[in-house]
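Student: Quick one: the structure is below, questions incoming.
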Amino acid sequence: MSEIHGLAVHAAGAHLLAYKFDPGELQANEVEVKISHCGVCHSDVHLIDNDWGISKYPFIPGHEIVGTVVGVGSAVKDRAMGERVGIGWQADSCGICEWCRQGQEQLCAKSQPTCVGRNGGFADKVRVNSRFAVPLPATLESENAAPLLCAGITVYAPLRNYEVRPSSRVGVIGIGGLGHLGVQFARAFGAEVTAFSTSKDKEAEAKQLGAHHFVNTRDTGALKKVAGSFDLLLSTVSADQEWQAYVNALRPKGTLCVVGAPPSPMPILGGSLITHQKAVAGSNTGSPQEISEMLDVAARHGVKAITERFAMAKANDAVTKVKKNQVRYRAVLTN
Numbered sequence: 062m063s064e065i066h067g068l069a070v071h072a073a074g075a076h077l078l079a080y081k082f083d084p085g086e087l088q089a090n091e092v093e094v095k096i097s098h099c100g101v102c103h104s105d106v107h108l109i110d111n112d113w114g115i116s117k118y119p120f121i122p123g124h125e126i127v128g129t130v131v132g133v134g135s136a137v138k139d140r141a142m143g144e145r146v147g148i149g150w151q152a153d154s155c156g157i158c159e160w161c162r163q164g165q166e167q168l169c170a171k172s173q174p175t176c177v178g179r180n181g182g183f184a185d186k187v188r189v190n191s192r193f194a195v196p197l198p199a200t201l202e203s204e205n206a207a208p209l210l211c212a213g214i215t216v217y218a219p220l221r222n223y224e225v226r227p228s229s230r231v232g233v234i235g236i237g238g239l240g241h242l243g244v245q246f247a248r249a250f251g252a253e254v255t256a257f258s259t260s261k262d263k264e265a266e267a268k269q270l271g272a273h274h275f276v277n278t279r280d281t282g283a284l285k286k287v288a289g290s291f292d293l294l295l296s297t298v299s300a301d302q303e304w305q306a307y308v309n310a311l312r313p314k315g316t317l318c319v320v321g322a323p324p325s326p327m328p329i330l331g332g333s334l335i336t337h338q339k340a341v342a343g344s345n346t347g348s349p350q351e352i353s354e355m356l357d358v359a360a361r362h363g364v365k366a367i368t369e370r371f372a373m374a375k376a377n378d379a380v381t382k383v384k385k386n387q388v389r390y391r392a393v394l395t396n
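Start counting at 1 in the sequence shown, then tack on 61, and there's your number in our numbering.
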């Protein structure tokens, strides 16, 4: 196999620079994928800036990848040359622990993220364990599908795991890269959907995406008016919120699920959880099986990311716009 060419970060917060490396021999369980599209996730920004203290430089960011299989390891039987696949946050797992055996590979203690300790998708090619290269339905456009591999599964998994159904009342907090997909998927599940946003100008678009109702969270009384209303609240924002007000907005046995990490501890009264058996939970990505299911649901229900396209060579421009929250709603790099 030839060298892989990409754009790497060489120090925390630095610009992406041209970078090439020799990936060595293709491992028996790996596929090599020629990348056509790669989304720019806020997680990439956190990794570039080493906000989580786990980045190792130099590295190539990117984990919302769509491309074509151009190399197949000797032991790979589930992927084929020329197949169009998607790769998300995870590139490998141990395959033998209790979580992997249950099909919950994202919980594996030896889970390997696509661009932590390895090189990701801001490149011409990438290598991953074949189990984490998921075939894409033919009807999904690659540009719109790329953000589904991280943002999409991040909001889909809790909707599925908390058993959202047509009788459910779901609220999506934050209508951005994650939230605009959360609204679409919640509507596809048949739920009554409410969008929460600090941006009043997003109301019309949120309703076009499938929300039945809109709550402007800059209105101090708005959250009080929806107290006791929701079976599931999905928080997609990475900012501190009025968490107690959201817990109060849950129905009995309701869950506040956090998929965007707030910077500060979440002050919540324990007693407010006890009386009506409410819960606060978190969710990360999903397993390859869940990603495959999510892509199928997206294809059949017309769920797609609203994207802004950048040439791969303009990745620094895309990252800058994502940092400034100037992309509506998801930046995608193209080769």
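By construction, the Cβ of each residue, glycine as well, lies at the ideal position given by its N, Cα and C atoms.
(1) Is it the case that the Cβ atoms of Lys-286 and Val-308 are separated by a distance below 8 Å?
(2) With distances taken from CA atoms, which of Glu-266, Asp-262, Gln-245, Gly-232 is nearest Ala-256?
(3) Looking at the structure shown, is Ile-236 part of a helix, part of a strand, or coil, going by DSSP?
(4) Shortest alpha-carbon distance to Arg-391 belongs to which of Gly-181, Thr-381, Arg-370?
(5) Looking at Ala-72 and Ser-135, is the spacing between their C-beta atoms short of 8 Å?
(6) How would you call Thr-278, buried or exposed, if buried means at least 16 neighbouring beta carbons within 10 angstroms?
(7) Mind checking who Ala-79 pairs with in its DSSP beta bridge?
(8) Taking Cβ positions, are Arg-132 and Val-92 nearer each other than 8 Å?
(9) May I ask which residues mark the beginning and end of the beta strand (DSSP E) holding Gln-151?
(10) Just confirm the distance between the C-beta atoms of Leu-242 and Val-216, as a whole number of angstroms; I'd bet it's less than 8 Å.
(11) Measuring alpha carbon to alpha carbon, tell me which of Arg-312, Ala-372, Ala-194 ends up nearest Asp-292.
(12) Whose C-beta lies closer than 6 Å to the C-beta of Met-327 among residues of the same chain, with five residues either side of it excluded?
(13) Given that a residue counts as buried once 16 or more other Cβ atoms are within 10 Å of its Cβ, and exposed if not, what is Glu-266?
(14) With distances taken Cα to Cα, identify the nearest neighbour of Ser-260 among Gly-181, Asn-386, Leu-334.
Tutor: Quick answer:
(1) no
(2) Gly-232
(3) coil
(4) Arg-370
(5) no
(6) buried
(7) Leu-68
(8) Rather than Arg, the amino acid found at residue 132 in this sequence is Gly. Yes, Cβ-Cβ distance for Gly-132 and Val-92 is below 8 Å.
(9) 151–153
(10) 5 Å
(11) Arg-312
(12) Trp-304
(13) buried
(14) Asn-386
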